[in-house]
Each structure stands twice: as structure tokens, then as C-alpha cells.
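Following: one structure in C-alpha cells, then a few remarks.
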Amino acid sequence: MRVEHRPGRGGDEAAAGRRQDRPARTAIRRATAATPAWKPAYGHRNMQSGPTVPQQQGTKGMAGPEGDLDPNRDRPPLPKARFRHHLFRLVLVTTLPLAILALVLVIWNARERREDVLRGLDATNSALQMAVDRELRVTAATPEILGTSQLVDAALGPEPAAASAIAALHRQALAIIARRPAALFNISLSTAEAPRQLLNTLVPPGTPLPALGPLRYPAGRSGSQPGTREIWTEMVATRQLRISDLLWGPVAKGWLIGLSLPVLRGDRVIGVLTANILPASIGTILRELQPGSDQVIAVVDRTGIILARSRDEHVFVSAPASPQVRAFQEGTAGSGRVEAISRDGVPVYGTLRRLASVPWSVVYTAPRSEVDAPLYQTLWIAGTIALSAILAAIGGALWFGGRMGREIESLGADAQAIALTISPPPRRPADAVREVAQVRDALHRSAQALQARTAAQKAAEEHRLILMREIDHRAKNALAVVLSVVRLAPRGSSPAHFAATIEGRISAMARAHSLLAATAWRGGMLETLAKDELAPHAGQARISGPAVQLAAEAVQPLAMVLHELTANATQHGALSAPSGQVDLDWDMLAQNGLSLRWRETGGPPLLGPPPPPGFGTRLMRQIMQRQLKGEIGTEWAPAGLKVTMTVPRQMLAAVAQSPPGPDAAAPPAPQSIPAGNFTLPPRVLVVEDEALLALEMESMLLRLGYQVLGPALDLQEALALAKASPPPDAAVLDVNLGRGEWIFPVIDLLETRGVPYVLATGYG
Numbered sequence: 083m084r085v086e087h088r089p090g091r092g093g094d095e096a097a098a099g100r101r102q103d104r105p106a107r108t109a110i111r112r113a114t115a116a117t118p119a120w121k122p123a124y125g126h127r128n129m130q131s132g133p134t135v136p137q138q139q140g141t142k143g144m145a146g147p148e149g150d151l152d153p154n155r156d157r158p159p160l161p162k163a164r165f166r167h168h169l170f171r172l173v174l175v176t177t178l179p180l181a182i183l184a185l186v187l188v189i190w191n192a193r194e195r196r197e198d199v200l201r202g203l204d205a206t207n208s209a210l211q212m213a214v215d216r217e218l219r220v221t222a223a224t225p226e227i228l229g230t231s232q233l234v235d236a237a238l239g240p241e242p243a244a245a246s247a248i249a250a251l252h253r254q255a256l257a258i259i260a261r262r263p264a265a266l267f268n269i270s271l272s273t274a275e276a277p278r279q280l281l282n283t284l285v286p287p288g289t290p291l292p293a294l295g296p297l298r299y300p301a302g303r304s305g306s307q308p309g310t311r312e313i314w315t316e317m318v319a320t321r322q323l324r325i326s327d328l329l330w331g332p333v334a335k336g337w338l339i340g341l342s343l344p345v346l347r348g349d350r351v352i353g354v355l356t357a358n359i360l361p362a363s364i365g366t367i368l369r370e371l372q373p374g375s376d377q378v379i380a381v382v383d384r385t386g387i388i389l390a391r392s393r394d395e396h397v398f399v400s401a402p403a404s405p406q407v408r409a410f411q412e413g414t415a416g417s418g419r420v421e422a423i424s425r426d427g428v429p430v431y432g433t434l435r436r437l438a439s440v441p442w443s444v445v446y447t448a449p450r451s452e453v454d455a456p457l458y459q460t461l462w463i464a465g466t467i468a469l470s471a472i473l474a475a476i477g478g479a480l481w482f483g484g485r486m487g488r489e490i491e492s493l494g495a496d497a498q499a500i501a502l503t504i505s506p507p508p509r510r511p512a513d514a515v516r517e518v519a520q521v522r523d524a525l526h527r528s529a530q531a532l533q534a535r536t537a538a539q540k541a542a543e544e545h546r547l548i549l550m551r552e553i554d555h556r557a558k559n560a561l562a563v564v565l566s567v568v569r570l571a572p573r574g575s576s577p578a579h580f581a582a583t584i585e586g587r588i589s590a591m592a593r594a595h596s597l598l599a600a601t602a603w604r605g606g607m608l609e610t611l612a613k614d615e616l617a618p619h620a621g622q623a624r625i626s627g628p629a630v631q632l633a634a635e636a637v638q639p640l641a642m643v644l645h646e647l648t649a650n651a652t653q654h655g656a657l658s659a660p661s662g663q664v665d666l667d668w669d670m671l672a673q674n675g676l677s678l679r680w681r682e683t684g685g686p687p688l689l690g691p692p693p694p695p696g697f698g699t700r701l702m703r704q705i706m707q708r709q710l711k712g713e714i715g716t717e718w719a720p721a722g723l724k725v726t727m728t729v730p731r732q733m734l735a736a737v738a739q740s741p742p743g744p745d746a747a748a749p750p751a752p753q754s755i756p757a758g759n760f761t762l763p764p765r766v767l768v769v770e771d772e773a774l775l776a777l778e779m780e781s782m783l784l785r786l787g788y789q790v791l792g793p794a795l796d797l798q799e800a801l802a803l804a805k806a807s808p809p810p811d812a813a814v815l816d817v818n819l820g821r822g823e824w825i826f827p828v829i830d831l832l833e834t835r836g837v838p839y840v841l842a843t844g845y846g
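Residue numbers (our numbering): 83 to 846.
Spelled out as C-alpha cells, the structure:
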């Protein structure tokens, strides 16, 4: 604020011109009243005539003899935000998005981990389904084998030969049961025309057997309840094995599962052999395959009744399953997942898989608390850390901003007092900030006041810029840490397999990236992409097709698909055999873009049914169908795997209808360095703290025929190997071994022993 001395302006006019600040105006009036000699400073008096020249009337914002013409003069201005409030907003705007981003990434990672657990439940359920199916098939073979015996014909024949045949057949059936007592409960033989039992291994031969009356089903059963004659008529008509649902055995006095098979002689059904099993036999299989005590496995029949359970079997067998499971049984899906409340009253995640031999389902459940525990734990930890970081940043900003703000405000008050009163401000306590103290001292020196204040403002601005750069630096560090955590998250496979798979995929993407970089991201040639991927198998791969320029967004996805096919062929397909061959060709379609065909021949034969789709297959389908908007189909032919793919036209940049001519210049093949040009020592010490890089270096040296010492992963191990006798002939060393360890002690030891070394480091 500046006070001007102008002829013709009175002291009251100068005070009114500065009405923006009422305390300033009050200070001026008090100073004028206390010191009359200051009057000429605010209203210039004519030195000759003496009277003060009055101010002109009617000027807005100024006071005259008629009073104040501005009705808003005494209205207080709106309050301004304090320094600590601005600093608080800056810290909040900087840290809050980072905390939200970190929380989102943590939630995503935790959900992926939960999905991995659910996929593990699916895989375990698949094994359970196959085990139960296998047990039913083995049990079904019992009546099939027994039905070929001539004793069955005699037992169904006339007396008295039937009685002796029944006794002999009874002994034969007991011998079969004795071989598999845990699976088979009893065997019975019944007539075909009128359901009547002739033999039951539960009673001695010749004992009168009750007639096959109405069947007793568990309470709560849904759907129809077929009777004995209806079932018999169906079996005689279809002449196929029939596996019943859970039934009450009148002779066994317990719940049974019957496997009934019509006995055929030519085209005629002469009888029915039934092998009964107890629910406990299936429960034994479930308990043998149960991964943990918290998980529960159950088998439900076609009507939704629990017929076997891995835990508390005596309580829940014959009870209805949960509504979600019964709804699944009423549908036609082969597998599914449900969230339900178990019969124990526990919230669970469940996977369901239908059997192949009978329309039963295997239900595998795990408590939601167990599956969701990593998610909740991760959310709690991440939320606590994020909230603590935000609160710490806010507290620091408020404390530092309040302290700085108070001292800066005091400087402003001093400057305002100097401008209004032209007198030194009152003395204040010593300042904690050196720059503020210097400014305050400078305010007491008239000529140096503005220079000192300008210097302090410049220093404060530089300090603010340094603070902003530091905040930016820390924000980037936080992002890097979050990304590292995501990259190092487990994926449910062994570390070696995970590392090899990820390395191959990243290498494929790197090759595609190099191809894009060579064309300034304008796309890439399909032939070049295919040759780069199949270069290690050049003698076993044939590539043909017209020249096709892929769009930039299609290069990396298609490179990943070709890499998955090549990796599968190398591990399991044609490229795993010396005589194997891979043919990759493509041509243009009239409307649908590009058609590619991958054919393998000469590889290992496919034994049994095709394997279920793995992660690589799902990845290829995801890329082709979702990312490239194309199609992919696989065929497990006897000669080898066949894959057909279509890429839409919008994924192509340029197309030529004929393949390149013979005069087209081929890219030069990489030339290997002759082995005789240099020699390397036979024993090489390798020191590298990154395990993957160490393994890669070890494999490379072993392929070259050298003996590897190590690899050493830390300084102590490296020193021990360097001190070994005899000393190594050479060494490949990493500089930074992590955890504050550096390689220099090993270098000093190697130099004293005269061992040459090479530093391999990422600092370049």
C-alpha cells in the first residue's frame, strides 16, 4: 500500500481512498490525531495562501463534505484462504488419487487371487467327478460280468435245477463282493416279466424273499417317483444299465443305490442283475480326495437328494440339497458355481459338475470366509496404509503451513503498518525461520526494505517449487512400488513354469514391439512376424501366403497367438519330435479379411480324448475373439493339431494378392561368431542377485561348454566362491546385489588373485 502526496488533496481524502481496510483507516486517523505535524503529509497545504484545497464532490469511493457516496464502504471483504489451507489442498489433491489408484490395484489383485482359488475348486471338482464316474463304471461291470455266467440261465430255469444254480450263483456273487467289500454291498437276481427276487446275497440261498413292492424314496424329493414295474418296463425296453437314485432297501434295511442291468440272451431279456452300493462307499471316495477339513464334498442324485457326503454323512444323507443345487440339477448345464448357505448353516462358495455316467452332480464347497480372507485382509492392510499416509500428509501440511502462515502473516502486518504509518513496526519475538527474520530486520531499514522482502519472496517461491518436485518424485516412487507388487503376485503355478511362460510371452511382445518400432508404428508384415516367432525351428516350419501388412493394433496380439501355438508345439506337439513339421499359411477372404491355418504333422500321437483347454488356449481365444474381433477353431486330428483363424479386414493395413517374387530381397540371417575367434576360460564365477538373470547366465555358459561356479546370489556366497581353491578362471559380476550390498569386495579379492572379470549391470 502506498500513500501519495498530491496538491489539493486533504488528509481525510487520502484516508477515504484506502477504505478497503478499516484497521488501516483507523490507524491513520489515530496517527494523525496523535501527531498534528503529519497533516501536510496527507493534505497538502498551499504554502502561500494556507487553506487546504477541498476534494471534488461526487467521485465514487471517496468521501467529501456531503458524506460517503459508497454504501458498500463498510462491508467487510470475503475471507481469504490461509496458507495452511492451500498447502492442505495441494497435499490432498496429490495423495488422494494415488491412494485411490493403489486401492483399486490392490482390490483387483485380491479379486484375481480369489478367482484363482475358485478355479482351483473347479479343478478339484473335476477330479472328484472323474473318480465317482470311475467307481460307478467299475461297479457296473459286476452285473455285466456275472450276467455272462450259465448259472444265471439255470437259476432262472425250472426246478429243481434252479435251486442248485441259485446256490452256486450265490457263492459266486459273494466271492465277487469279497474282492470289493468297500464298494459292493449286495447282489440280487430278479425275473424280467414279473419283478420277483430269486437271489439276494444278504440272505442265505433258499430263504423266501419279499416281493418287489413300491419303492421308498427320501422325503423332500422333487420330480417324479417311478415305481418298480415302471422301472422294470423301462429297463426291459431299453436293455441298458440303469443307476437308481437313493432308495430304501427293504432287505438291507438302509439307503442304497442300485445298478441294475438286464441279462440278455440274444434279443431276449431273461432277468435283471442288480449290484447295490451303500452311500458310505461313495463318501469314502470323497473323503480320500477332500483337500481340507473346512471343505465339504457331496453327491446329489437327479432329484436333488444328498446321497453321499464327505462330512456328517449320517446326518445329511437322504436330506434335500440347498435350493441353488436343486435348481442346477433341474437345468442342463454341465458345470456351474453357486453362492449358498450350506446344510451346516455356513455361507459357502460351491462348484458343481455333472457326472458323465448318470445325471448326478458332485458339489464341492468351501467357506466364503476362507476364500475371501485374502481379499478382506488385503483391503484392510491397504486401507490402513492409505489412510495413515493421507492423515500423515495432511497433518504435516497443516502443521508446516500453520507455522509458515503465521510468520508470513506477521510480515504482512508489519509491511502494512510501515505503509500506513511510516514508522517501524513493534518488536516481535524471534522468528524461527531465518528468511522471515531477515525480512523483518530489513523492514527496519528504509532503503533496504523492498530488496530484502523481494529476496525473501524469491526464496519462499524456490522452496515451494522444491517441495512440489519432491512430492512429484515421491508420487512416482509410490506408483513404481504398486506396479512391482502387481507384477510379483503369484499366479497359481510353479515359479519356474511361471517365469518361463511369462518370459516367452514378454519376448514375443518385445519382438512385435521391435517390428512396430522399425515401421514407426505403422504396422508390420505378417510374414516377418511369423518368421521371427518360428526362427528357432526354421528346419521344421514352412510359411507361405501373400504379403499382408497388419495394422499396428494387431501386431502384438497376433504375435502372442503365434507364440502360444509355437510354445505348445515345442512342448507337446510336432516341434517336440525331430520328424515333426509345422505348416503356417494364409490367404485373403472375400469379405472377412484374413484366414490363417496352422497344421502340425509328425508329432507324438494323441492318446485318448483331447486335453481340456488350458490357459494358453483361453488366452488365444481371448485375443482372437475379444481383441482382434476374429475367430479361432481347433481340431485334434490324428496327424496333429489343426488351428484355423480369421482376422477381420479392419485389422489389416495393406494387402497384396500375390506372394513376394523370387527377386525380393530377404533379410540377412544373423551371423554367428566363429568359435575359433576367441577362447574363454573353462571355469566361470557368476554373481547375480536376480534369480532369473542368474539362471539365464548359467544356462548360456553351460550351453557354451563352460563350468559355472555359483551362481552366487549375495555377497557372502560370492566371497566364499571367490576364495575357493583353485581360483576361478573368469567372473561375470553384478554390481548392486541388493540389501545395501555391492560387489566391490569380490572385485578386490579377484584382482589380488589375478582373475579377470566382467561387470554385467543395469546401470548404463
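Ideal Cβ positions, reconstructed from N, Cα and C, are used throughout, including at glycine.
On a predicted model such as this, the values are computed, not experimentally measured, just so you know.
Hey, quick one: how far does the beta strand (DSSP E) through leucine 797 stretch, first residue to last? One-based indexing of the sequence shown puts residue 797 at position 715. Premise fails: leucine 797 lies in the alpha helix (DSSP H), 797 to 804, not in any beta strand (DSSP E).
Whole-angstrom Cβ separation of aspartate 383 and leucine 328, contact assumed at under 8 Å? The residue you call residue 383 lines up with position 301 of the sequence shown. The residue you call residue 328 lines up with position 246 of the sequence shown. With 8 Å as the limit, aspartate 383 and leucine 328 qualify as a contact, their Cβ atoms being about 6 Å apart.
If we ignore side chains and look at the alpha-carbon of each, how far apart do alanine 334 and isoleucine 269 end up? Along the sequence shown, read from residue 1 onward, the residue named residue 334 stands at position 252. Along the sequence shown, read from residue 1 onward, the residue named residue 269 stands at position 187. Going by the C-alpha atoms only, they are around 11 Å apart.
Does DSSP classify arginine 485 as helix, strand or coil? Taking the first residue of the sequence shown as 1, we reach residue 485 at position 403. Helix.
Alpha carbon to alpha carbon, what distance is there between histidine 396 and proline 373? To locate residue 373, count along the sequence shown from 1; it is residue 291. To locate residue 396, count along the sequence shown from 1; it is residue 314. Approximately 21 Å, taken between the alpha carbons.
Three or more C-beta pairs below 8 Å linking the segment 351 to 365 and the segment 260 to 275: yes
DSSP state of proline 429 mapped onto helix, strand, coil: Here residue 429 corresponds to residue number 347 of the sequence shown, with the count starting at 1. The answer is strand: DSSP assigns proline 429 an E or B state.
Based on Cα-Cα distance, which residue from Ala415, Ile423 and Thr414 lies nearest to serine 406? For this step, residue 406 is matched to residue 324 along the sequence shown. With the sequence shown as reference, residue 406 is identified as glutamine, and serine is not the correct amino acid for it. When only C-alpha atoms are compared, the closest one is Ile423.
Per DSSP, which residues does tryptophan 718 bridge with? Please list them. Along the sequence shown, read from residue 1 onward, the residue named residue 718 stands at position 636. Leu723, per the DSSP bridge assignment.
Please state the DSSP three-state secondary structure of tyrosine 839. The sequence position of residue 839 within the sequence shown is 757, counting from 1. Note: tyrosine 839 maps to strand in three-state DSSP.
I need the boundaries of the beta strand (DSSP E) containing glutamine 663, first residue and last residue. Translated into the one-based positions of the sequence shown, residue 663 becomes position 581. Unbroken beta strand (DSSP E) run through glutamine 663: 663 to 670.
Going by beta-carbon coordinates alone, are alanine 247 and alanine 237 separated by less than 8 Å? The sequence position of residue 247 within the sequence shown is 165, counting from 1. The sequence position of residue 237 within the sequence shown is 155, counting from 1. Going by C-beta atoms, alanine 247 is nearer than 8 Å to alanine 237.
Buried or exposed for glutamate 833, please, with buried defined as at least 16 other CB atoms from any protein chain shown within 10 angstroms of its CB. Numbered from 1 along the sequence shown, position 751 holds the residue referred to as residue 833. Counting Cβ neighbours within 10 Å, glutamate 833 comes out exposed, since fewer than 16 surround it.
Name the residue from Leu185, Trp603, Ile588 and Leu671 whose alpha carbon lies nearest to the alpha carbon of methionine 642. Here the question's residue 642 lines up with position 560 in the sequence shown. Here the closest residue by C-alpha is Ile588.
State whether the segment 638 to 652 contacts the segment 701 to 721, with contact taken as three or more CB pairs (one from each stretch) at a distance under 8 Å. yes
Whole-angstrom distance between alanine 649 and proline 618, CA atom to CA atom: Within the sequence shown, residue 618 is the residue found at index 536, counting from 1. Within the sequence shown, residue 649 is the residue found at index 567, counting from 1. So the alpha carbons of these two residues sit roughly 11 Å apart.
Using DSSP with H/G/I as helix, E/B as strand and the rest coil, what is tyrosine 458? Here residue 458 refers to the residue found at position 376 when the sequence shown is read from its first residue. It is helical.
Is proline 405 helix, strand or coil by DSSP? Residue mapping note: residue 405 aligns to position 323 of the sequence shown, counting from 1. Helix.
Thinking valine 378 and isoleucine 388 are a contact (beta carbons under 8 Å), I'd like their distance in whole angstroms, please. Counting from 1 along the sequence shown, the entry for residue 378 is found at position 296. Counting from 1 along the sequence shown, the entry for residue 388 is found at position 306. Rounded, the Cβ-Cβ distance is 11 Å, inconsistent with contact.
Residue environment, valine 186, which counts as buried when at least 16 other CB atoms sit within 10 Å: Working through the sequence shown from its first residue, we reach residue 186 at position 104. Exposed, since its Cβ has fewer than 16 Cβ neighbours within 10 Å.
My output table needs one value for tryptophan 603: the three-state DSSP class, helix, strand or coil. Translated into positions along the sequence shown, residue 603 becomes position 521. Residue state, collapsed to three classes: coil.
Span separating the alpha-carbon of methionine 782 from that of leucine 218: Start at 1 with the first residue of the sequence shown, and residue 782 comes out as number 700. Start at 1 with the first residue of the sequence shown, and residue 218 comes out as number 136. Distance between the alpha carbons of methionine 782 and leucine 218: 52 Å.
Relative to the ligand MG, is the shortest distance from any of its heavy atoms to the C-beta of glutamate 194 smaller than 7 Å? The ligand MG is absent from the structure shown, which contains no ligands of any kind.
Can you give me the Cβ contacts of glycine 715 inside the same chain, cut-off strictly under 6 Å, excluding the 5 residues immediately before and after it? For the purposes of this step, residue 715 is taken as residue 633 along the sequence shown, with counting starting at 1. Taken in chain order, the residues that qualify are Thr726.
What residue does the alpha helix (DSSP H) around glutamine 254 start on, and which one ends it? Numbered from 1 along the sequence shown, position 172 holds the residue referred to as residue 254. Start and end: 243 to 261.
6 Å Cβ shell around threonine 433 - same chain, five flanking residues per side excluded: Mapped onto the sequence shown, residue 433 falls at position 351. Leu203, Asp204, Asn207, Arg419 and Tyr446, listed in sequence order.
How big is the Cα-Cα spacing for proline 691 and valine 214? Translated into the one-based positions of the sequence shown, residue 691 becomes position 609. Translated into the one-based positions of the sequence shown, residue 214 becomes position 132. Going by the C-alpha atoms only, they are around 19 Å apart.
Start and end residues, beta strand (DSSP E) containing glycine 331: Locating residue 331 in the sequence shown gives position 249, counting from the first residue. Looking at the DSSP string, the run of the beta strand (DSSP E) that includes glycine 331 is 329 to 331.
In the DSSP assignment, find the unbroken beta strand (DSSP E) run with proline 449 in it and report its ends. Here the question's residue 449 lines up with position 367 in the sequence shown. Residues 443 to 449.
In or out: glycine 696 buried (at least 16 other Cβ within 10 Å) or exposed? For the purposes of this step, residue 696 is taken as the residue at position 614 of the sequence shown. With fewer than 16 Cβ atoms within 10 Å of its Cβ, glycine 696 is classed as exposed.
Length at least 3, wholly inside the segment 314 to 367: the beta strand (DSSP E) runs in chain order: 329 to 331, 336 to 347 and 350 to 359
Residue range of the alpha helix (DSSP H) that includes valine 643: Position 561 of the sequence shown, counting from 1, holds the residue named residue 643. Element bounds for valine 643: 634 to 653.
Helix, strand or coil for arginine 516? Go by DSSP, reduced to three states. Locating residue 516 in the sequence shown gives position 434, counting from the first residue. Helix at arginine 516.
Best match in Tyr788, Ile548, Glu544 and Ala497 for proximity to alanine 524 [C-alpha to C-alpha]: Taking the sequence shown and counting its residues from 1, the one referred to as residue 524 is at position 442. Of the candidates Tyr788, Ile548, Glu544 and Ala497, the one whose C-alpha sits nearest the C-alpha of alanine 524 is Ala497.
Going by DSSP in three states, valine 381 sits in which element: helix, strand or coil? Taking the sequence shown and counting its residues from 1, the one referred to as residue 381 is at position 299. Strand, per DSSP.
Measure from the C-beta of serine 208 to each C-beta in chain B and report whether the shortest distance is under 8 Å. Among the chains of the structure shown, chain B does not appear; only one protein chain is present.
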